[in-house]
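Protein chains: 2
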Amino acid sequence: MKYDIVIHNGTVITVNSEFDIIENGIVCIRGRRLVKIEARTEPPDIPKAEKVIDAKGALILPGLVNTHTHLPMTLFRGLADDLPLHEWLEKYIFPAEAKHINPKTVKTATRLACAEMILSGTTTCCDGYFFENEVARAVRDSGLRAILAQGVIDFPAPGVRNPAENINHASSYVKKWLASSALITPSIFCHSPYTCATETLKKAKAAAVSNNVLFQIHAAETKQEWDRMYAEHRQSPIHYLDRIGILDQNTLLVHCVWVDDADIDIIARRKAKVSHNPGSNMKLAAGIAPVQKLLKAGIPVGLGTDGSASNNTLDLFGAMDMCAKLHKVHTLDPTAVDAKTVVRMATIGGARSIGLEKDIGSLEVGKQADLIVVDTHQPHLTPMYNPTSHLVYAASGSDVKTAIIGGRVVMEDGKLLSLNLNELLEKTAAIAESISSRGNQH
Amino acid sequence: MKYDIVIHNGTVITVNSEFDIIENGIVCIRGRRLVKIEARTEPPDIPKAEKVIDAKGALILPGLVNTHTHLPMTLFRGLADDLPLHEWLEKYIFPAEAKHINPKTVKTATRLACAEMILSGTTTCCDGYFFENEVARAVRDSGLRAILAQGVIDFPAPGVRNPAENINHASSYVKKWLASSALITPSIFCHSPYTCATETLKKAKAAAVSNNVLFQIHAAETKQEWDRMYAEHRQSPIHYLDRIGILDQNTLLVHCVWVDDADIDIIARRKAKVSHNPGSNMKLAAGIAPVQKLLKAGIPVGLGTDGSASNNTLDLFGAMDMCAKLHKVHTLDPTAVDAKTVVRMATIGGARSIGLEKDIGSLEVGKQADLIVVDTHQPHLTPMYNPTSHLVYAASGSDVKTAIIGGRVVMEDGKLLSLNLNELLEKTAAIAESISSRGNQH
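Chains as they are written, first to last, in the numbering used here: chain A, 223 to 664; chain B, 223 to 664.
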């Protein structure tokens, strides 16, 4: 029986539990799933398929999983940098959001973000923002797999002018998208322990639990947050969140920079998950998350880029490189967070942290066919002694040439197939023009 | 009178002392030099030229200056990572150098390194290695501008089996290349204060002084080096080098991670220069150089990638991003080392640190025509509110489409014109094959 897609003539980095690497491997897809992964036999025998992709000696690996994004904020990429967090938020981001975030701009910015992610090798993202219905429609059109959360915050927010409506708004969003799309899973994202009251956090978590969806929250990101939470509750942010019942296996804690051993112990015992965002934490000078300790405690840790207003790209290859290097220099240990660990974080670790590990994160028979092909026939990737090292320390998003999500080819030979890229670039530039001219440049 | 090359329809980032940015600028080249840089007038009037390049709305900026490389070590890219420095050197790099570094492999690896640099926007590099005659020939063929130093070390080295010959070898190399090529300037590179005896350092510096060329040395890179120097000399590496007369305005100190205020004061008073290599320092877990203090002391600080055996690419865009983010998180100050500072370090700062600031590092009339064109019509660079921010926080080497060095177009529309890239990729892969099979994989 014919396959739908066969990819051959590449090195398959499975990221299975043994981290098996198959030189000259063949990957066979039927429908949405991987049905065969094996070494090519001699004499060459390429299985019959509707579509045969010659990887030309490239690397074939699971599509990357970006565990933390704010997709519509792509609109504010580079609007303001090198500023204190408070000034950045109050003077630039909040006013820009109030003025310029609406269903139309969210649609365009989200599509552009999806284009950027697919072109740089990400096949799944985990998002939180407002107007998430619009985000979900845009992501669905792009062909990307995603967990998409409606944001909850106790302030007037884009699309939710009355904070008293924030939980209802999130709940109805979740119900609308539950089981309505094979690739989109809804979720609820409380902004943080300092912008949501205890009651809000409890109600939002209850809404997530009753719908059995992921609950996300920025937690323990900055020293200022820690100090404020301690002043208010005499507890660390993590201990406070645990006391009010927020931590369980369906909770994704984003950042976890300011966590101590006791916090890590609680996170591990509650089986909660962590999203690590090295680029954002560095650029905003939040601090350095204790990733080695989190991993040692058995906590699933995924990699994230954060939104493009803070980082400023969605390229997970950059995040991998940053992650490996940051923890080495921080601990003065060159063996810390090695390449294999980082590749796991960007694939199966990310999948685990957002609860999708049964379907994605590794190339194994029965899983969804979410994979990318990285072209290594380039000067910065030559010679190649160790493909895993190259993925972390030498490759960049622009080296990804083919992407398949749920059995659908969304990029081929570097060309995006699911969206009209030029139209998106033009539309976004036009919106940005109005943002510049309406004066957010204080 | 006709120009040789005119580039129009782009935003010119001059990196002159005012950091002037000219929207819709025109850059005119005659021979090797920039002869006119101005805003385009209305109605459009493009000056006549042998070659007119339409930048299509892109960014036009000075070619980047990589102040620290070991070009032939591109051969060992990714051969061994995530290891303690000692094990990496003793078990992998030294044996690989002893077995595989020869004039033929140096030629191929250097050409590949030049291809990688040009394709990612570097137009000048500052190198130190062995068989530097071969390096110089290969770099000359590539069209790159470079300061190229013969290495000096008190151990048997590639091409210099007898360490007693190391100074003579370096001196005759320098004499050979003085004034022999418009783009190549010779130099002498003592490996470090702990691998060269005091007498060697003095003699090498004297040879550099007598030929009026740059003297380079790895200094204060690791805590182990500091401890060793202090145990031996009761002085920091910098104080020791000063005491024996090594520091002056023609000395480039590479790394300067383990320097205190007194060391910085000495470097500033002697008018010595510094090469900062954030990616290498992070990956090898050397530590974090006090870049803000060095800059505040008025010391010229350039950016470097280090060799590809340790970093593992020569992409200075990656080094810019790493530099800006590393110092922010290290100081917990998001305003530290801002985008403009980093762009200066990668251009005019680098030029100053290697003594070429009169000729390169900024786009100003009378300087050499060394420039690059960065295509911003891409999802990860859209929207664009601030071109300088994009260069540091969003662009990568693969966004560079055109490169001109000394008035010669060496890359156009992403295609390398000065070397045969496919031949280099094949030759390098063949050499790497023999390195893998001859067993450096301990």
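Beta carbons are placed, not taken as given, at the ideal position from N, Cα and C, and that holds for glycine.
Note that the structure is predicted; figures quoted are calculated from it, not measured.
- Of the candidates 251/B, 375/B, 269/B, 584/B, 584/B places its Cα closest to the Cα of residue 243/B.
- Two segments are said to touch when three or more pairs of C-beta atoms, one from each, lie closer than 8 Å; by this definition the stretch 333-344 of chain A touches the stretch 361-381 of chain A.
- Chain order gives the chain A residues near residue 658/B as 607, where near means a beta carbon separation below 8 Å.
- Any Cβ of chain B closer than 8 Å to the Cβ of residue 337/A would place that residue at the interface, and such an atom is present.
- Under the Cβ criterion (8 Å, minimum of three pairs), the stretch 329-336 of chain A counts as touching the stretch 344-360 of chain A.
- Going by beta carbons, residue 412/A and residue 369/A fall outside the 8 Å limit.
- Closer than 9 Å at the C-beta level to chain A, one finds these residues of the stretch 580-605 of chain B: 599, 600, 601, 602, 603, 604, 605.
- Taken in chain order, the complete alpha helix (DSSP H) segments of 4 or more residues contained in the stretch 482-533 of chain A are 483-491, 500-505, 513-518.
- Closer than 9 Å at the C-beta level to chain A, one finds these residues of the stretch 482-515 of chain B: 500, 501, 503, 504, 505, 506, 507, 508, 509, 510.
- Look at residue 378/A: its C-beta is not under 8 Å from any C-beta on chain B.
- The beta carbon of residue 247/B sits no closer than 8 Å to any beta carbon of chain A.
- Residue 542/B places its beta carbon 8 Å or farther from that of residue 641/B.
- Shown here, residue 412/A sits in a strand according to DSSP, grouped into three states.
- Closest in C-alpha terms to residue 237/B, from the list 569/B, 446/B, 269/B, comes 569/B.
- Residues 250, 251, 252, 257, 258, 269, 270, 271, 272 of the same chain have their beta carbon placed closer than 8 Å to that of residue 225/A, with the five preceding and five following residues left out of the count.
- By the criterion of at least three beta-carbon pairs nearer than 8 Å, the stretch 545-557 of chain A is not in contact with the stretch 616-630 of chain A.
- Exclusion of the five residues before and after residue 247/A leaves 230, 232, 233, 234, 259, 260, 261, 262, 282 as the residues of its chain whose Cβ lies within less than 8 Å of its Cβ.
- Going by DSSP, residue 418/A is part of no beta strand (DSSP E) at all; its letter is neither H nor E.
- Rounded to whole angstroms, the separation of the alpha carbons of residue 616/A and residue 494/B is 32 Å.
- In the structure shown, the three-state DSSP call for residue 284/B is strand.
- Residues of chain B whose Cβ lies closer than 8 Å to the Cβ of residue 535/A are, in chain order, 602, 615, 616.
- Bounds of any beta strand (DSSP E) do not take in residue 268/B, whose DSSP letter is neither H nor E.
- Proximity of residue 551/A to chain B, defined by a Cβ-Cβ separation below 8 Å, is satisfied.
- Inter-residue distance for residue 590/B and residue 223/B is about 19 Å (C-alpha atoms, whole angstroms).
- The beta carbons of residue 523/B and residue 549/B sit no closer together than 8 Å.
- Between residue 307/B and chain A, the shortest Cβ-Cβ separation is below 8 Å.
- Excluding its 5 nearest sequence neighbours in each direction, residue 472/B has C-beta neighbours in its own chain below 8 Å: 430, 431, 434, 435, 436, 437, 577, listed in chain order.
- Within chain A, no residue has its CB atom less than 8 Å from the CB of residue 362/B, the nearest being about 18 Å off.
- In this structure the stretch 312-330 of chain B does not touch the stretch 465-483 of chain B; the number of beta carbon pairs closer than 8 Å is below three.
- Remark: C-beta atoms of residue 387/B and residue 371/B do not approach each other more closely than 8 Å.
- Between residue 417/B and residue 375/B, the C-beta spacing is below 8 Å.
- Annotation: Cβ neighbours of residue 547/B in chain A (cutoff 8 Å, chain order): 501, 504, 505, 544.
- Ranking 336/B, 506/B, 454/B, 534/B by CA distance to the CA of residue 479/B puts 506/B first.
- For the stretch 557-578 of chain A, the set of residues with a beta-carbon nearer than 8 Å to any beta-carbon of chain B comprises 557, 558, 560, 561, in chain order.
- In terms of Cβ geometry, residue 409/A and residue 496/A do not form a close pair [threshold 8 Å].
- Pairing residue 278/A with residue 599/A gives a Cβ-Cβ distance under 8 Å.
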